[in-house]
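Residue numbers (my numbering), protein chains in the order written: chain V, 27 to 139; chain F, 10 to 125.
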């Protein structure tokens, strides 16, 4: 069953503000997590990933935080831009015996000018 | 091209017809995945190939769905006797690693299937 993705389905953010997108997972054995961005009519694009032995990872304008205690994942986008408008999915790999990613339902982010 | 290529980008068919969707992964990627995405939902796993073999087909919804990867590169997803409920975006992804070291999946742009 679906184990990833407790979230607010939509998020509206003012251009220039920071965005925080949340995701909860239920499989405590999951050892790898990814955030994907999907624009309308396109395939998912990789944003950032994190392994379970880390609690924070930073990229360009994005930060992923992992809290294994409460099984929570978040994506922070700094200085949100109009091009950040998209659906964001968190995905998890369920441990060393798993090799596929399971996706949540996604959060739609709309950036207001 | 450098990315995962999927054809056709759009396919409209009638109920009961047979459909093939093709995926050309990134060169050298041994792992290949098929996902299905319904409107407003996240991608759902269908099948995973490691090389030529289907290592996990547990996500295929029924025996009308079948996929092959005969030479360990291009894969074809085959749907027999299509039903309206099969309408969705079919996404293919490839990865250079697999198993314990599975990392990022590189997705194609998808094939939008509409069954009338």
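Note that the Cβ used here is the ideal one computed from N, Cα and C, for glycine as well.
Please read these numbers as outputs of a predicted model, since none were measured by experiment.
With 7 Å set as the bound, which would you pick, yes or no: does the beta-carbon of residue i sit closer than that to a beta-carbon of chain V?
i	result
residue 116 (chain F)	yes
residue 58 (chain F)	no
residue 74 (chain F)	no
residue 62 (chain F)	no
residue 52 (chain F)	yes
residue 37 (chain F)	no
residue 48 (chain F)	no
residue 30 (chain F)	no
residue 86 (chain F)	no
residue 119 (chain F)	yes
residue 3 (chain F)	Examination of residue 3 (chain F) is not possible in this model, given that chain F is present from 10 through 125 alone.
Once you ignore the five residues that flank residue i on each side, which residues in its own chain have a CB closer than 6 Å to its CB?
i	result
residue 23 (chain F)	125
residue 98 (chain F)	46, 119, 121
Would the beta-carbon of residue i fall within 7 Å of that of residue j?
i	j	result
residue 104 (chain F)	residue 38 (chain F)	yes
residue 69 (chain V)	residue 119 (chain F)	yes
residue 30 (chain F)	residue 100 (chain F)	no
residue 73 (chain F)	residue 88 (chain F)	yes
residue 114 (chain V)	residue 46 (chain V)	no
I need the straight-line Cα distance from residue i to residue j, nearest angstrom please.
i	j	result
residue 135 (chain V)	residue 48 (chain F)	16 Å
residue 128 (chain V)	residue 52 (chain F)	8 Å
residue 116 (chain V)	residue 133 (chain V)	9 Å
residue 84 (chain V)	residue 91 (chain V)	9 Å
residue 33 (chain F)	residue 11 (chain F)	10 Å
residue 19 (chain F)	residue 62 (chain F)	27 Å
residue 123 (chain V)	residue 65 (chain F)	12 Å
residue 50 (chain V)	residue 70 (chain F)	26 Å
residue 99 (chain V)	residue 93 (chain F)	35 Å
residue 28 (chain F)	residue 80 (chain F)	21 Å
residue 131 (chain V)	residue 64 (chain V)	12 Å
Could you tell me if residue i is buried or exposed, where buried requires 16 or more neighbouring beta carbons within 10 angstroms of its beta carbon?
i	result
residue 15 (chain F)	buried
residue 28 (chain V)	No answer about residue 28 (chain V) holds up, because its pLDDT of 35 lies below 50 and its placement is not dependable.
residue 117 (chain F)	buried
residue 71 (chain V)	exposed
residue 138 (chain V)	exposed
residue 96 (chain V)	exposed
residue 46 (chain F)	buried
residue 21 (chain F)	exposed
residue 26 (chain F)	exposed
residue 91 (chain F)	buried
residue 119 (chain V)	buried
residue 40 (chain V)	exposed
CB-CB under 8 Å to residue i, same chain, minus the five flanking residues each way: which ones, in chain order?
i	result
residue 88 (chain V)	61, 73, 74, 101, 102, 103, 104
residue 78 (chain V)	56, 57, 58, 59, 92, 94
residue 123 (chain F)	19, 20, 21, 22, 96
Should residue i be flagged as near chain F, meaning a C-beta pair shorter than 7 Å?
i	result
residue 131 (chain V)	yes
residue 59 (chain V)	no
residue 101 (chain V)	no
residue 97 (chain V)	no
residue 29 (chain V)	Because residue 29 (chain V) carries a pLDDT of 45, less than 50, the predicted location of this residue cannot be relied on, and no value is offered for it.
residue 63 (chain V)	no
residue 127 (chain V)	yes
residue 120 (chain V)	no
residue 70 (chain V)	yes
Considering only residues of the same chain and omitting the five flanking positions on each side of residue i, which have a CB-CB separation below 7 Å?
i	result
residue 43 (chain V)	106
residue 82 (chain F)	34
residue 8 (chain F)	Residue coverage of chain F in this structure runs from 10 to 125, which leaves residue 8 (chain F) outside it and unanswerable.
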